[in-house]
Structures are given as C-alpha cells and as structure tokens.
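Undergrad:
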Amino acid sequence: MKLALRIDDIGASSKRFEVYSKVPGGNILFLKCLPAFKAWGPYEELSAGQWEGIFSILRRFGAKLTVSVTAGWVEKDGQLIPFIQKFPSQAEAIKKALDEGLVEIANHGLTHCVIGRHLPRLFSSNRTFHREFWSWLEEDVHYEHIERAQNILQDYFQVKVTTLVPPGNVFCDATVKAAEKFGINLINCYTETKTIGSVRIVGEENVFAFHDRELIIDGIGWLEGRLAYFEKKNIEYCFVKEL
Ligand SMILES: [Zn+2]
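Take -3 as the starting number for the sequence shown in our numbering and just add one per residue.
(1) Could you please give me the residues that DSSP links to residue 102 through a beta bridge?
(2) What is the DSSP secondary structure of residue 2, reduced to helix, strand or coil?
(3) Looking at residue 142 and residue 174, is the spacing between their C-beta atoms short of 7 Å?
(4) Please report the distance separating the alpha-carbon of residue 86 from that of residue 188.
(5) Leaving aside the five residues before and after residue 186 along the sequence, list all residues of the same chain whose C-beta is less than 6 Å from its C-beta, in chain order.
(6) So which of 58, 6 and 49 has the shortest CA-CA distance to residue 0?
(7) If you count every other CB in all the chains shown that lies within 10 Å of the CB of residue 132, and 16 or more means buried, which is it?
(8) Excluding five sequence neighbours on each side, which residues of the same chain lie with their C-beta closer than 6 Å to the C-beta of residue 99?
(9) Of the choices 239, 207, 163 and 217, whose alpha-carbon is the least far from that of residue 196?
(10) Over the uninterrupted alpha helix (DSSP H) stretch that includes residue 152, give me the two end residues.
(11) Under the assumption that residue 41 contacts residue 83 (Cβ atoms under 8 Å), give the Cβ distance between them as a whole number of angstroms.
(12) How far does the beta strand (DSSP E) with residue 233 in it reach, from first residue to last?
(13) Is it buried or exposed, residue 227, if we count other Cβ atoms within 10 angstroms and call 16 or more buried?
(14) Check whether the Cβ of residue 163 lies closer than 6 Å to any heavy atom of ligand 1, and answer yes or no.
(15) In whole angstroms, give me the CA-to-CA distance for residue 8 and residue 115.
(16) Would you kindly report the start and end of the unbroken beta strand (DSSP E) that includes residue 84?
(17) For residue 4, verify whether its CB is less than 6 Å away from any heavy atom of ligand 3.
(18) Alpha carbon to alpha carbon, how far is residue 146 from residue 157? Give it in angstroms, no decimals.
(19) What is the residue span of the beta strand (DSSP E) that residue 196 lies within?
(20) For residue 190 and residue 183, what's the separation of their Cα atoms in angstroms?
(21) Report the residue ranges of all alpha helix (DSSP H) runs contained in full by the region 151 to 183; include only those spanning at least 4 residues, in chain order.
(22) Answer with buried or exposed for residue 10, where buried requires no fewer than 16 other C-beta atoms within 10 angstroms of its C-beta.
(23) How close, in whole Å, do the beta carbons of residue 162 and residue 171 come, if the pair is a contact with beta carbons under 8 Å?
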C-alpha cells in the first residue's frame, strides 16, 4: 500500500492565536488558556534540533515526509513575516532535508487565517477564522494568497511547489483556479477525490496526516512509534505529489 506522510501547520501562527475550548463555558476569558480547557493552541514551533530528530527517524525507517508550510507568520497586529525570516534555522534544516530527497514542500496557505479576525476572542471560539480559503472572501484574496505563498516558498527552497494543502480542509472553486494559475496541480486534504481542470483533488485515503502539535506535545518519539507500527504493514512511502 502506498502511503504519504504529511505534517501540517509548519510556520502557521494559528498555533499562537487559535485558542478555543471544547468544554462548555471554557471559552470564558482566560479559562481557555488553562491546560484542562485548551483544545488547540498555544504551542511552540518545532525547533531546528527537533527537525533533525524527525529526519533521522525518517531515514531509519526509509520514509519520506510532505511538509505543509504556511508561508507567512501573522503577527498580532496583522503584519506578515515570511517563514524564512521568522524561522531561519528551521527553514535551513528543512532545505537540507529537501536536497537530500527526504521531504516535499507543500503550500499550506499564506496566513492559515483571516487576517484581522485571527486574535482570540473574549467569550467565543475563533476557530472559523483560522481557516484561509473561505468562499465568502473575494476571489482576488485566493489569487493573492496562493501567489505570495508560492513565491515565498519557491524562492527560498528553489523547487517547484505543486501541492496545496488547504488549511482546515476549507477551499472553493476560486482556490482551485488560483492554485492552477500558480503552478499547483494537486490539492490534498480531507475531501472527495476528483479532478477540476488540470488540478487533481485527492482525499486522504493514502495519507497519514498529522500536525506539528502532536510532536510538540508528545515528543518526536510519537512519530517513531507510528513508523514502527507502519513497518509491520506492507507500506511503500511516497510524497503527496506522488499519489
Ligand atoms: Zn493547518
């Protein structure tokens, strides 16, 4: 069986600002920041050292990984900082692994959120606004975000980025058209598999998708455990772009 490993949310500031609670009443003021109430963020970005650990696990198991990078980190005031400037040592570690053939870089949006509506709210969840490609946004926004994200990633990594992983499985026709225009030929997320124009939309049947969050919370041993499990199955690893 073909299997693509995919890690999402690299460089996404949603890990800082997507703060909500699944517990009734848990969204009230500071309660959502306490561990028992916290459902998503905040958590730290993976360090360069942790990335090295991930790469040695991949080598050991003969695996490879599609890394979904959000090209811009959104600050509190809405300012956008390119991934490469915000996390230079992580970017460098990932680039080395890319040159080694261990990783594929995928586009995980420019912002992962709707800028201006991304900050935690006092009494409710801000989860909706930590998705990027809503159909209720102007079509231009889809084009601008895809183009800028592609430029940031391709300029630094010096490869063609052909896979888009829409944040939170949210995308629409405008996203697909914009993706096609800027060199993307595959969209991968939890969705129905089909083709629109020259873009293949591929569901997650052959994808093991996870977030940096699992590795931050459980440690990179979490990945090792998963790969040890897959080793007992008849798995042939591929990148998402090879599905
Ligand atoms: Zn995401």
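Virtual Cβ for every residue (Gly too), placed ideally from N, Cα, C. Given the structure is predicted, the values throughout are model-derived calculations rather than measurements.
TA: Answer, in terms of the structure:
(1) The bridge partners DSSP lists for residue 102 are 64.
(2) Note: residue 2 maps to strand in three-state DSSP.
(3) Judged by beta-carbon spacing, residue 142 lies within the 7 Å limit of residue 174, meaning their Cβ atoms are closer than that value.
(4) Whole-angstrom Cα-Cα distance: 33 Å.
(5) Correct list, in chain order: 165 and 200.
(6) Sorting 58, 6 and 49 by C-alpha distance to the C-alpha of residue 0 places 58 at the top.
(7) Exposed, by the Cβ-count rule.
(8) For residue 99, where only same-chain residues beyond five positions count, the Cβ hits under 6 Å are 61, 63 and 93.
(9) When the alpha-carbon of residue 196 is set against those of 239, 207, 163 and 217, the nearest one is in 239.
(10) If you look at residue 152, you'll find it in the alpha helix (DSSP H) that goes 135 to 153.
(11) So it is a contact: roughly 6 Å between Cβ atoms.
(12) Taken as a continuous stretch (DSSP letters only), the beta strand (DSSP E) holding residue 233 covers 232 to 234.
(13) Answer is exposed; the Cβ neighbour count stays below 16.
(14) At least one heavy atom of ligand 1 is nearer than 6 Å to the Cβ of residue 163, so yes.
(15) If you take the alpha carbons of residue 8 and residue 115, they lie about 14 Å apart.
(16) For residue 84, no beta strand (DSSP E) run applies; the uninterrupted alpha helix (DSSP H) run containing it begins and ends at 84 to 96, by DSSP.
(17) Summarising the ligand content, the structure contains ligand 1 and does not contain ligand 3.
(18) Just so you know, the alpha carbons of residue 157 and residue 146 end up roughly 7 Å apart.
(19) Residue 196 -> beta strand (DSSP E) spans 195 to 198.
(20) Cα to Cα, residue 190 sits roughly 10 Å from residue 183.
(21) Given a length threshold of 4 residues, each whole run of the alpha helix (DSSP H) inside the region 151 to 183 is given here in chain order: 169 to 177.
(22) Per the 10 Å Cβ criterion, buried.
(23) That pair is a contact at about 6 Å.
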